[in-house]
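The next block holds one structure in the form of structure tokens; read it before the comments.
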Amino acid sequence: MFPDALEFHVAEYVNNGINWLLHAYAPTFDSISAGISFVLMSIQGGLSSVPWWGYILLVATLAWVVSKRISTVLILVAMLMLIGMFGLWQLAIDTLAVIITAVILSLIFGIPLGILMAEVDLAKSIMKPILDGMQTMPSFVYLIPAMMFFGLGKVPAVFATLIYSMPPVIRLTDLGLRQVPKSTQEAALAYGCTKWQLLKEVRVPLAMPNIMAGINQTTMMALAMVVVCSMIGARGLGQEVLLSINRIDVGHGFESGFSIVILAIVIDRITQGFARRWDPNKR
Amino acid sequence: MKDPAILIEDLWKVYTKNDEDIDVEDQDLITSFDESDEAVVAVRGVSLKVEPGEVFVVMGLSGSGKSTLIRCILRLIDPTAGKVFVSGENVTAMNMKELTEFRRHQTAMVFQHYGLLPHRTVLENVGFGLKIQGVPEKEMIERSKVSLEKVGLSGWENYYPNSLSGGMRQRVGIARAIVMDSPILLMDEPFSGLDPLIRREMQDELIRLQEEMQKTIFFVTHDLDEAMRLGDKMAVMKNGQIVQQGEPSDILSHPADDYVARFVQDKRKQLKMADERAKLEVVSDNTGNDPSTKGAITNVS
Ligand SMILES: Nc1ncnc2c1ncn2[C@@H]1O[C@H](COP(=O)(O)OP(=O)(O)OP(=O)(O)O)[C@@H](O)[C@H]1O
Ligand SMILES: [Mg+2]
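Protein chains in written order, with our numbering: chain A, -13 to 269; chain B, 38 to 338.
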């Protein structure tokens, strides 16, 4: 038995600290919350206004553009239909809204952070251990600050997903920029590029395959958070999985779980296809 | 009097691990660098002068510091000590903004490994220098097309560099340089990666272009043949120093030291053989034109 005398709690301090933070910076958290909520609602609204066959058409077109194979198009479309047939279409749209919001915000912060990391060595040495830490942490852990700051529902879900899914795009942006051949950059500089032009005209375009791979991975990470986020009350496919577990309803659990997998496959195929098309070496 | 196109005064480049300042006057320090591998002294006290309209060739073995020297002219590499003047302007004293302007208007460079942008078409690559200066799109396209025509690549505008052969890529590299219409062309072993036949073709092409353009060309090569064909003036580099400078024919006939002598001996032998051959041909011509001997001699060559 561990001696009782050594028992020591920080929970109270943490709670007090958080309370203080929430009080002192209430307007900040409110505006962050309002911001996330606004983006989420706009995206949700946009997604809901598209009829189901609109998605089928969209996926069919994109699948054709990236693969040029009828079989790929048919498989992806059939899988998407399956979600509807399970009666989970609206929930899938809800899930999609959370994911898209989180991914967009991830990219808005992640890509500039990746650029900063590639440009400034100091930034790299500060951010690298943080990113390493973030990626080793179990995804559940992200729920705690999200819940503390934003309560329950979709906003904290977006926040947790956003934090969890950001590292890959930061890392791969940094990697891509650093991999641009010195000789190419040198040639651009010799013709009188400024630092900004070098970044915009040469480095970012040449890093694009890596950045796209980062976007793809970030999206996949976001999908992985779906079930976890249902624990803080985010409605969607994840919640169905959670409910099925609680009710020991294996069949329904399978349907909703499989729907998440379908979303993942469809998004993965399409974003990967676009990543490949961006690769200048394959033109 | 007109300013020299390029004037280099006592230029040094020492590659160190942390880019610290080095006092190049300190003889002991330089010797210690040579003996250890903590720093590389790539260029040591080079001075040279290139007149406007001249083709100046720098020749030397691999690692002799040629690339470092040519990059110091437009400060792609910052020299450790010494001065570079281009058309009378002190390049070594320029700040970043002046340097950018200078690179845009005074020099254009061709690289051994082309340095083309794989995500841009041939036309966009050629127009790259104009684009970043803010030249209007229409003018950029027009000038790029003219430049591509000069290097014989009309019709290839919309291809990507990766679908071109080495020779064609370097033509794009040259077109990108001449479209700038800068007074000075810098070329770092532009033809070294090409096979001998294409290489000769490209040399002829450059000679032809130079007749039209009359630019100042600073040309780096490790190939004596190339240096002899193209150069008005020539400098031989060894271990970061210039060991001999002058007219190519002078260097050939009066090599300053063993290094240069070894460099040129093959060429001298070749020339001697060619001389003898010419004599023989004259003889055979005089002795009633025996076609068999003539054929035999041609075969030997
Ligand atoms: N960035 C660098 N850092 C450290 N040392 C370098 C660097 N660039 C070149 N060197 C060294 O400086 C010396 C001169 O190199 P440089 O590239 O100028 O030679 P070069 O004459 O152009 O050779 P080559 O014919 O192989 O192109 C070499 O010993 C090389 O190893
Ligand atoms: Mg070189």
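Even glycine gets a Cβ: it sits at the ideal position worked out from N, Cα and C.
(message) Give the list of continuous beta strand (DSSP E) stretches no shorter than 3 residues that lie fully inside the region 245 to 292 of chain B.
(response) 253 to 258, 270 to 275 and 278 to 283
(message) What residue range does the beta strand (DSSP E) around Thr144(B) cover?
(response) For the purposes of this step, residue 144(B) is taken as the residue at position 107 of the second sequence. Its beta strand (DSSP E) spans residues Thr144 to Val147.
(request) To the nearest angstrom, report how far apart Val51(B) and Ala79(B) are at their CA atoms. (result) Position 14 of the second sequence, counted from the first residue, corresponds to residue 51(B). Position 42 of the second sequence, counted from the first residue, corresponds to residue 79(B). Taking the straight line from one Cα to the other gives about 6 Å.
(request) Starting from Ser169(A), find everything on chain B with Cβ-Cβ shorter than 7 Å and list it in chain order. (result) Here residue 169(A) refers to the residue found at position 183 when the first sequence is read from its first residue. Those within 7 Å of Ser169(A) in chain B are Phe148, His150 and Gly152.
(request) May I ask whether a heavy atom of ligand 2 can be found less than 7 Å away from the beta carbon of Ser23(A)? (result) Position 37 of the first sequence, counting from 1, holds the residue named residue 23(A). Flag unset: Cβ of Ser23(A) not near ligand 2.
(message) By alpha-carbon positions, which one of Arg55(A), Ile231(A), Ser19(A) and Gly32(A) ends up nearest to Gly259(A)?
(response) On the first sequence, residue 259(A) is found 273 positions in, with the first residue counted as 1. Ranking Arg55(A), Ile231(A), Ser19(A) and Gly32(A) by Cα distance to Gly259(A) puts Arg55(A) first.
(request) Select from the region 187 to 198 of chain A all residues with a C-beta closer than 8 Å to any C-beta belonging to chain B, and list them in chain order. (result) Glu187, Val188, Pro191, Leu192 and Met194
(request) Give the residues of chain B in contact with Glu172(A), contact being defined as C-beta atoms less than 7 Å apart. (result) Reading the first sequence from its first residue, position 186 is the one you call residue 172(A). Within 7 Å Cβ-Cβ: Leu113 and Gly152.
(message) Could you check whether Lys140(A) and Leu229(A) sit closer than 8 Å to each other, using their CB atoms as the reference points?
(response) The residue you call residue 229(A) lines up with position 243 of the first sequence. The residue you call residue 140(A) lines up with position 154 of the first sequence. Going by C-beta atoms, Leu229(A) is not nearer than 8 Å to Lys140(A).
(request) Return no unless some Cβ of chain B is closer than 8 Å to the Cβ of Leu161(A). (result) As a first step, residue 161(A) is located in the first sequence; it is residue number 175 there, counting from the start. Not one chain B Cβ lies under 8 Å of Leu161(A).
(message) Going by C-alpha to C-alpha distance, which of Ser101(B), Pro285(B) and Val92(B) sits closest to Val83(B)?
(response) Locating residue 83(B) in the second sequence gives position 46, where the first residue counts as 1. Closest by alpha carbon: Ser101(B).
(message) ligand 1 and Ser101(B): does the residue's C-beta get closer than 7 Å to at least one heavy atom of that ligand?
(response) The residue labelled residue 101(B) in the question sits at position 64 within the second sequence. Yes, ligand 1 has a heavy atom inside 7 Å of this Cβ.
(message) Let's see if you can read the secondary structure: which residues bound the beta strand (DSSP E) around Gly259(A)?
(response) Counting from one through the first sequence, the residue named residue 259(A) turns up at place 273. First-last for Gly259(A): Val236 to Trp264, but that is the alpha helix (DSSP H), not the beta strand (DSSP E).
(request) Just the C-alpha distance for Asp343(B) and Lys54(B), rounded to the nearest angstrom, thanks. (result) Coverage of chain B is limited to positions 38 through 338, which leaves residue 343(B) absent and any answer about it impossible.
(message) Could you tell me the alpha carbon to alpha carbon distance between Ser124(B) and His142(B), rounded to whole angstroms?
(response) For the purposes of this step, residue 124(B) is taken as the residue at position 87 of the second sequence. For the purposes of this step, residue 142(B) is taken as the residue at position 105 of the second sequence. One C-alpha to the other measures close to 12 Å.
(request) Counting only the same chain and skipping the five closest in sequence on each side, list residues whose C-beta sits under 8 Å from that of Phe148(B). (result) Your numbering for residue 148(B) matches position 111 in the second sequence. Hits under 8 Å: Gly210, Asp225 and Pro227.
(request) Check whether the Cβ atoms of Gly200(A) and Thr257(A) lie closer than 8 Å to each other. (result) As a first step, residue 200(A) is located in the first sequence; it is residue number 214 there, counting from the start. As a first step, residue 257(A) is located in the first sequence; it is residue number 271 there, counting from the start. In this structure, Thr257(A) does not lie closer than 8 Å to Gly200(A) by Cβ.
(request) Report whether the distance from the Cβ of Ala79(B) to the nearest heavy atom of ligand 1 is below 7 Å. (result) By one-based count along the second sequence, residue 79(B) stands at place 42. Checking the Cβ of Ala79(B) against ligand 1 gives yes.
(message) Beta carbons nearer than 9 Å to chain A: which residues of the region 118 to 143 of chain B have them?
(response) Met133, Lys134, Leu136, Thr137, Glu138, Phe139, Arg140, Arg141 and His142
(message) Using CA atoms only, rank isn't needed, just tell me which of Ser290(B), Tyr296(B), Glu318(B) and Leu317(B) is closest to Lys306(B).
(response) In the second sequence, counting from the first residue as 1, residue 306(B) sits at position 269. Among Ser290(B), Tyr296(B), Glu318(B) and Leu317(B), the Cα nearest to that of Lys306(B) belongs to Ser290(B).
(request) May I have the straight-line CA-CA distance separating Ala311(B) from Ala104(A), to the nearest angstrom? (result) Here the question's residue 311(B) lines up with position 274 in the second sequence. Here the question's residue 104(A) lines up with position 118 in the first sequence. Cα-Cα distance, rounded: 58 Å.
(message) Taking contact to mean 3 or more Cβ pairs, one atom from each stretch, closer than 8 Å, check whether the region 98 to 115 of chain B and the region 200 to 216 of chain B are in contact.
(response) no
(request) With 9 Å as the limit, tell me which residues of the region 225 to 236 of chain B have their beta carbon closer than that to any beta carbon of chain A; keep them in chain order. (result) none
(message) Within the continuous beta strand (DSSP E) that includes Ile43(B), where are the two ends?
(response) Locating residue 43(B) in the second sequence gives position 6, where the first residue counts as 1. Run containing Ile43(B): Ile43 to Thr53, per the beta strand (DSSP E) assignment.
(request) Compute the distance between the beta-carbons of Gln282(B) and Leu98(B), then report whether it is under 8 Å. (result) Counting from one through the second sequence, the residue named residue 282(B) turns up at place 245. Counting from one through the second sequence, the residue named residue 98(B) turns up at place 61. No, the pair does not count as a contact, with Cβ atoms beyond the cut-off.
(message) Taking 7 Å as the limit between beta carbons, can you name the residues of its chain near Val(-4)(A), skipping five residues before and five after?
(response) For the purposes of this step, residue -4(A) is identified with residue 10 of the first sequence, where counting begins at 1. Nothing meets the Cβ criterion.
(message) Does Phe(-6)(A) pass the burial test, meaning 16 or more other C-beta atoms within 10 Å, or should it be called exposed?
(response) Within the first sequence, residue -6(A) is the residue found at index 8, counting from 1. Looking at its Cβ environment, which holds fewer than 16 other Cβ atoms inside 10 Å, Phe(-6)(A) is exposed.
(request) Kindly list the residues whose CB is nearer than 7 Å to the CB of Thr105(B), restricted to its own chain and excluding five residues on each side of it in sequence; keep chain order. (result) Taking the second sequence and counting its residues from 1, the one referred to as residue 105(B) is at position 68. Answer for Thr105(B): Lys50, Ala79, Val80 and Ile114, listed in chain order.
(request) Mind listing the chain B neighbours of Thr180(A)? Cutoff is C-beta to C-beta under 7 Å, in chain order. (result) Counted from its first residue, the first sequence places residue 180(A) at position 194. Per Cβ cutoff of 7 Å: Thr137.
(message) Here's a check: name, in chain order, each residue in its chain whose Cβ is nearer than 7 Å to the Cβ of Tyr197(B), leaving out the five neighbours to either side.
(response) Looking up residue 197(B) in the second sequence gives position 160. Contacts found: Pro155 and Thr158.
(message) Among Gly100(A), Leu102(A) and Phe135(A), whose alpha-carbon lies nearest the alpha-carbon of Ala20(A)?
(response) In the first sequence, the residue the question calls residue 20(A) occupies position 34. Closest by alpha carbon: Phe135(A).
(message) Once the 5 residues before and after Asn199(B) are set aside, which same chain residues still bring their CB inside 7 Å of it?
(response) Mapped onto the second sequence, residue 199(B) falls at position 162. Correct list, in chain order: Pro155.
(request) Under 7 Å between beta-carbons, which chain B residues line up against Ala176(A)? List them in chain order, please. (result) What you label residue 176(A) is simply residue 190 of the first sequence in a count that begins at 1. Residues of chain B passing the Cβ test: Leu111, Leu113, Arg140 and Met146.
(request) Can you tell me the Cβ-Cβ gap for Ile18(A) and Ile86(A), rounded? I've got them flagged as a contact below 8 Å. (result) Taking the first sequence and counting its residues from 1, one reaches residue 18(A) at position 32. Taking the first sequence and counting its residues from 1, one reaches residue 86(A) at position 100. That belief does not hold up - the Cβ atoms of Ile18(A) and Ile86(A) are roughly 18 Å apart, past 8 Å.
(message) So, for Phe95(A): in the same chain, excluding its five sequence neighbours on each side, which residues have a beta-carbon less than 7 Å away from its beta-carbon?
(response) In the first sequence, residue 95(A) corresponds to position 109, counting from 1. So the list reads Met152, once near-sequence residues are dropped.
(message) For Ile90(A) and Val190(A), I'd like the C-alpha separation in whole angstroms.
(response) For the purposes of this step, residue 90(A) is taken as residue 104 along the first sequence, with counting starting at 1. For the purposes of this step, residue 190(A) is taken as residue 204 along the first sequence, with counting starting at 1. Spanning the two alpha carbons is a distance of roughly 18 Å.
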